[in-house]
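Participant: Under the working numbering, think of the first position of the sequence shown as 62, with each following residue one higher. Ideal Cβ placement from N, Cα and C applies to all residues, glycine included.
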Amino acid sequence: MGGIWGIVDPGPGGLRREVVRRTVVFFRDIGSRRERSQRMDGAESRISPVGFDREYSRRNFLKTAAMAGAAAAAAGAGGLALGARPAWAVHEGYQAVGDVGIFQLAYKLELLEGTFYDIGAASGLFAGNDLAQIAAIRDHEFAHADAIASTLSAAGAEVPATPEFIFPDDATADAATFLGYAATFEPVGIGAYQGAAPALVDKNLLAAAISIHNAECQHRCAINILQGVVPPNNIAFEEALPLDAVLAAVAPFGVTA
62 MGGIWGIVDP GPGGLRREVV RRTVVFFRDI GSRRERSQRM DGAESRISPV GFDREYSRRN
122 FLKTAAMAGA AAAAAGAGGL ALGARPAWAV HEGYQAVGDV GIFQLAYKLE LLEGTFYDIG
182 AASGLFAGND LAQIAAIRDH EFAHADAIAS TLSAAGAEVP ATPEFIFPDD ATADAATFLG
242 YAATFEPVGI GAYQGAAPAL VDKNLLAAAI SIHNAECQHR CAINILQGVV PPNNIAFEEA
302 LPLDAVLAAV APFGVTA
């Protein structure tokens with residue numbers, strides 16, 4: 062056995078089944094359903110709504126995420142645009158923090174997104190199929206957080222405390238505003254996983270990270286559908302984000318390395 066999960070060769074076609082199997086085991090071992098419910102019930106206690114009269118959060122976050130989105134759009138429109146940094150420079154920040162540091166940050170990002178979608182589900186802004194979609198994304202994010210937490214625990218690594226998340230008070234002003242924030246959260250998470258993936262030493266962790274990355278891409282497409290974007294699957298090539306860009310994007314919301 063080796064690495065955090067040990068060496069596993071699931072064989073052709075078996076990688077997805079192996080990741081799913083391990084995730085199910087994680088959930089059972091740590092009673093994740095109970096933990097997820099507690100996180101969702103206590104979401105409001107972790108949030109510090111602020112007026113943001115400077116418009117700092119919205120403008121700064123949207124600006125940072127828009128830069129990532131522009132790079133991804135350029136890749137989709139004109140081929141494999143790699144941005145201003147060479148590949149090694151994108152990944153070196155993640156290499157510096159190592160496997161555990163990467164997964165500790167991923168845990169915080171998943172809780173941030175899960176809490177955000179939990180607020181949206183409880184806001185009364187959505188109903189019917191739209192509400193079901195928001196709730197499903199919320200559950201996915203918390204499921205990711207649970208799997209990451211159990212992975213860290215199995216490695217003997219610290220599971221970070223839940224941050225005191227900060228969301229601007231206009232986040233639930235209306236459905237369009239909420240979805241606008243969601244549409245900027247998702248590319249940051251996608252770019253973080255893609256940027257971190259080549260830096261992961263334990264390739265079983267790499268398999269888990271890729272499986273979450275793929276789910277995040279589905280979330281972005283779902284948000285596009287809710288926004289009426291046509292076509293919703295409008296990105297041909299994903300863009301990796303360096304660690305410093307990810308941290309700059311989420312810092313206004315209470316997430317630090």
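(1) Taking Cβ positions, are G160 and L240 nearer each other than 8 Å?
(2) Going by alpha carbons, who is nearest to T223 out of L166, P292, G289, S184?
(3) Would the segment 230-247 and the segment 200-212 be scored as touching if the rule is three or more Cβ pairs under 8 Å?
(4) In three-state terms, what does DSSP make of T317?
(5) Taking the C-alpha atoms as reference points, what is the distance between N190 and A206?
(6) Taking buried to mean at least 16 other C-beta atoms within 10 Å of its own C-beta, is G185 buried or exposed?
(7) Taking the alpha carbon of L266 as the reference point, which residue from F187, T212, G315, V158 has its own alpha carbon closest?
(8) Let's see if you can read the secondary structure: which residues bound the alpha helix (DSSP H) around T238?
(9) Which word fits P292, buried or exposed, when buried means at least 16 other C-beta atoms lie within 10 angstroms of its C-beta?
(10) What is the residue span of the alpha helix (DSSP H) that P270 lies within?
Facilitator: Reading off the structure:
(1) This sequence places Asp at residue 160; Gly is not what is there. Their beta carbons are not under 8 Å apart, which means D160 does not touch L240 by this criterion.
(2) L166
(3) no
(4) Residue state, collapsed to three classes: coil.
(5) Going from the Cα of N190 to the Cα of A206 covers about 24 Å.
(6) Counting Cβ neighbours within 10 Å, G185 comes out exposed, since fewer than 16 surround it.
(7) T212
(8) The continuous alpha helix (DSSP H) containing T238 extends over residues 236-257.
(9) exposed
(10) The amino acid occupying residue 270 in the given sequence is Ala; Pro does not appear at that position. 264-288 is the span of the alpha helix (DSSP H), which, as asked, contains A270.
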